[in-house]
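Report on the structure given below.
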Amino acid sequence: MTSQTTVDTTGPADKAPAAASGPTPGKGLRGHPWYTLFTVAVGVMMVALDGTIVAIANPAIQKDLSATFADVQWITNGYFLALAVALITAGKLGDRFGHRQTFLIGVVGFAAASGAIGLSDSIAFVVVFRVFQGLFGALLMPAALGLLRATFPAEKLNMAIGIWGMVIGASTAGGPILGGVLVEHVSWQSVFFINVPVGILAVVLGALFLVDHRADKAPRSFDLLGIGLLSGAMFCLVWALIKAPAWGWGDGLTWTFLLVSVLGFALFAVWETKVREPLVPLGLFRSVPLSAGVVLMVLMAIAFMGGLFFVTFYLQNVHGMSPIDAGLHLLPLTGMMIVGSPLAGALISKTGPRVPLAGGMALTAVAMFGVSTLETDTGSGLMSLWFALLGLGLAPVMVGATEVIVGNAPMELSGVAGGLQQAAMQIGGSLGTAVLGAVMASKVDSDLAGNWAAAGLPKLTPEQHGQAAEAVQVGAPPVAPGTPPEIAAKITDVAHDTFISGMSLASLVAAGVAVVAVFVAFLTKKGENAEAGAGVGHI
């Protein structure tokens, strides 16, 4: 089937929709929707995988390069900071210069930065090239969605996004397993070197299969001041969320960065109403479904990424699992996302997004409530049940919210819409980790002293209490070397029980966020602009 791309307009009714420019594929391989999907999935897999695979390599990097704990934190923070700050601007670049070119540049840069990290002999170079990974990843991700939006017909777009979401979910959840195998049996460098052949494959596939699509109304100039204001506001927001656990939520620095961020967003909004070709036309947000989709993506990421952050510590530090074993225990979550995402895409195509999205967030709420009931001796079967339910709930949300955001944006802004979707996920993940981390820290701080005393352990000084609480927040018993076994056992029990109480409260908060998202889901609807004819190509 061949479908001609049209661009939904918001201008006067007497203006005809503008057709997308660029080559229209024939019946060959180039521009074929399913080959396009396979190509972008290979590239997106690299970025999603690196979001979690590197965490397993951090201890080995720290030891090999004699890095401090703060240095190692920046291996992750530098990547996510660059990714979050650049996503919307990168989406605009794709709208301006074409998503095919932007995607291929992102793939090449990401693979090259990965290889450079593997060759690095200092922690400073590792962090610098991780920032470059984030920047090139930001080019790649919105371009992938832009290519899918332009290539697939409307009736097939949800299925395509379902498979795209499946790849992201599987890569994110599978990162710890693959990372554990590579670090344990090869080296920490192999975690980064693996991206080089994957990147080469994506470039070859892109050269063979991808066709560039540009709408006639694509921007011809750049809103440089808007880019600066938005990037600065995003940086201050994500920086505050990253540093808040160390600085404290009541610290002046935390609030300074948050206030500067709010001011930056306000100035950006004012400027966007005055510039001729804005970076993000604020008229986008007149679409209630699109705005609801962005909010839904933030809420989903808060509940999912924030909650999953503590689950990994629970498996490794409370149950004593190796990184590989912990990853294997998360396979029910991964498996249900793999199975559920394309099924969710098909369901959303038939029924629309509202019921599947609301049902998905309801299942997520139930799953996070289940996680809140986990104990130190909970068996694998019950854990697997809650993890599987979480994956089943997340699948329709990942697919549906993405389609709602991208499908309700005009074709010429599909890159910006893709950037909004990814930025919402990154901000939600950072917000979830920071807020739920604060909930965990508060609960541990309030319960630890009482639990310590109830176990008959010697009273801690304020300094010792602070050090012990920091360890307990990640489920690690603060047992000093040379501690008698019976005392060590008591400390371990107290640490694990206190950690469980904190994780339980944080999981309940995540469940509450998911409940709020259920109501937001009812504000969504199928992409209006996708209805006009989303794709060029044949299925």
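Numbering (full-length UniProt numbering), first residue to last: 1 to 539. Don't be surprised by glycine CBs; every beta carbon is placed ideally from N, CA and C.
Short Cβ contact (8 Å threshold) for residue i with residue j
i, j, result
"T524", "L296", "yes"
"G407", "L157", "yes"
"I338", "M166", "yes"
"T89", "L279", "yes"
"V183", "A367", "no"
"L357", "P396", "yes"
"residue 559", "V399", "This structure cannot speak to residue 559, because the chain is shown only from 1 to 539."
"T376", "V318", "yes"
"F310", "M503", "yes"
"D212", "R30", "no"
"G98", "F136", "no"
"G118", "L83", "no"
"A233", "F193", "no"
"A240", "F222", "no"
"I123", "D50", "no"
"I188", "V127", "In the sequence as displayed, the identity of residue 188 is Trp instead of Ile. It is not a contact, given that the beta carbons lie outside the stated cut-off."
"I163", "A48", "no"
"W388", "P332", "Per the sequence shown, the amino acid found at residue 388 is Ala instead of Trp. Yes."
"P33", "F152", "yes"
"S505", "K443", "The identity of residue 505 in the sequence shown is Leu, whereas the question assumes Ser. Their beta carbons are under 8 Å apart, which means L505 touches K443 by this criterion."
"E470", "I161", "no"
"V107", "L148", "no"
"M159", "S349", "yes"
"L413", "P281", "yes"
"A449", "H465", "yes"
Per-residue burial, residue i [other beta carbons within 10 Å of its own, 16 or more giving buried]
i, result
"P176", "buried"
"S171", "buried"
"T433", "buried"
"V371", "buried"
"T10", "Note that T10 scores a pLDDT of 39, beneath 50, so its modelled location is shaky; the value from the coordinates is reported in the next line. Burial call: exposed."
"V270", "exposed"
"K526", "buried"
"R276", "exposed"
"T312", "buried"
"E463", "exposed"
"A401", "buried"
"S66", "exposed"
"A266", "exposed"
"P59", "exposed"
"A246", "exposed"
"L347", "buried"
"Q473", "buried"
"A13", "Residue placement at A13 is flagged as unreliable, the pLDDT there being 36, under the threshold of 50; the coordinate-derived value follows with that caveat. When all chains shown are included, A13 counts as exposed."
"D447", "buried"
"G248", "exposed"
"Q421", "buried"
Cβ-Cβ separation, residue j to residue i (assumed contact under 8 Å), whole Å
i, j, result
"A521", "R286", "Not quite, the Cβ-Cβ distance comes to about 20 Å (not below 8 Å), so this is no contact."
"A202", "G43", "4 Å"
"L87", "G419", "4 Å"
"residue 540", "P478", "Nothing about residue 540 can be reported from this structure: the residues present for the chain run from 1 to 539 only."
"T39", "G307", "Their Cβ separation, rounded to whole angstroms, is 33 Å, which puts T39 and G307 out of contact at 8 Å."
"A303", "L315", "About 19 Å separates the two Cβ atoms, so there is no contact after all."
"H496", "G475", "7 Å"
"A517", "L299", "4 Å"
"V494", "L460", "Actually they are not in contact, since the Cβ atoms of V494 and L460 sit about 11 Å apart, beyond 8 Å."
"A514", "M361", "5 Å"
"G226", "E272", "6 Å"
Cβ shell of residue i (< 6 Å), same chain only, five flanking positions each side left out
i, result
"F519", "none"
"A111", "N195, V196, G199"
"S261", "A233, C236, L237"
"V131", "G78, A82"
"S507", "G307, M368, V371, S372"
"H329", "L315"
Contact set for residue i: own chain, Cβ-Cβ below 7 Å, skip 5 residues either direction
i, result
"V191", "I53, V54, A57, G179, L182, V183"
"G94", "T102, P142, A143, G146, G415"
"A454", "none"
"L224", "none"
"G429", "A301, M305"
"H185", "none"
"W452", "L460, V494"
Residue i CB to nearest heavy atom of the ligand SAH below 7 Å
i, result
"V275", "For the structure depicted, the ligand SAH is absent and the ligand set is empty, with no information on it obtainable."
Contacting residues, own chain, Cβ-Cβ under 8 Å from residue i (five flanking each side not counted)
i, result
"L431", "L241, V298, A301, I302, G306"
"T334", "G169, A170, A173, G174, G391"
Min CB distance residue i to chain C below 8 Å
i, result
"G419", "You won't find chain C in this structure, because it holds only one protein chain."
Practice problem: Entirely within the segment 243-312 and at least 4 residues each: give me those alpha helix (DSSP H) ranges in chain order. | Solution: Taking 4 residues as the minimum length, the alpha helix (DSSP H) runs contained wholly in the segment 243-312 are 252-272, in order along the chain.
Quiz item: Of all the beta strand (DSSP E) runs that stay within the bounds of the segment 105-185, which reach a length of 3 or more residues?
Solution: Counting only runs of 3 or more, we get nothing.
Quiz item: Along the chain, which unbroken stretches of the alpha helix (DSSP H) at least 4 residues long are found entirely within the segment 328-361?
Solution: The segment 328-361 contains these whole alpha helix (DSSP H) runs: 331-351.
Quiz item: Which runs of the alpha helix (DSSP H), 4 residues or longer, sit entirely within the segment 419-474?
Solution: Within the segment 419-474, the complete alpha helix (DSSP H) runs of at least 4 residues are 462-472.
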